[in-house]
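Novice:
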Amino acid sequence: MRQGAFYETQAQLILCQAGLQIVATNFIATGIGEIDIIATPSQQSLLIFVEVRSRKKSQFGTAADSISPTKQGRIYRTAEYFLQQHPEYAEYECRFDVLLFDVMADGVVHEWLVAAF
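Take 1443 as the starting number for the sequence shown in the working numbering and just add one per residue.
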């Protein structure tokens, strides 16, 4: 299993433990982008688009530093495409979260950024 897939699975577990239901994983809009996880709370009309990032601690920054404005734009456009393909979510409020995994010598630290962008 590649590192990204491992952390995406870990992120799904974290989201489910928080009471969210997974709607889709690795949603691809060809030529636009990909969203790692799409989830929703069971009692709310809220759709959460989740980007999962992992990075080994280095001089190049943390996992959060790797989410550029360009990447954010691709996520927004992919979310719009998802909503076009799934009209049952048309009235849902949308939120963009990030689950970060910083891999350090002594372990992994994760952080959930709610409404990150």
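C-beta atoms are modelled at their ideal positions from N, C-alpha and C, and glycine is treated no differently.
1. How is Gln1485 classed by DSSP in three states: helix, strand or coil?
2. Kindly indicate the opening and closing residues of the beta strand (DSSP E) around Thr1467.
3. Alpha carbon to alpha carbon, what distance is there between Met1546 and Leu1488?
4. Report the rounded CA-to-CA distance for Val1556 versus Gly1473, giving the unit in angstroms.
5. Terminal residues of the continuous alpha helix (DSSP H) containing Trp1543?
6. Roughly how many angstroms separate the alpha carbons of Ile1562 and Ala1466, rounded to a whole number?
Specialist: Put simply:
1. Numbered from 1 along the sequence shown, position 43 holds the residue referred to as residue 1485. Residue state, collapsed to three classes: coil.
2. As a first step, residue 1467 is located in the sequence shown; it is residue number 25 there, counting from the start. Leu1462 to Ala1471 is the extent of the beta strand (DSSP E) around Thr1467.
3. Looking up residue 1488 in the sequence shown gives position 46. Looking up residue 1546 in the sequence shown gives position 104. One C-alpha to the other measures close to 33 Å.
4. Residue mapping note: residue 1556 aligns to position 114 of the sequence shown, counting from 1. Residue mapping note: residue 1473 aligns to position 31 of the sequence shown, counting from 1. Straight-line Cα distance between these residues: approximately 27 Å.
5. If you number the sequence shown from 1, residue 1543 lands on position 101. The sequence shown places Phe at residue 1543, not Trp. That residue, Phe1543, is in no alpha helix (DSSP H); its beta strand (DSSP E) goes Glu1535 to Met1546.
6. Absent from the model: residue 1562. The displayed extent of the chain is 1443 to 1559, so no value can be given.
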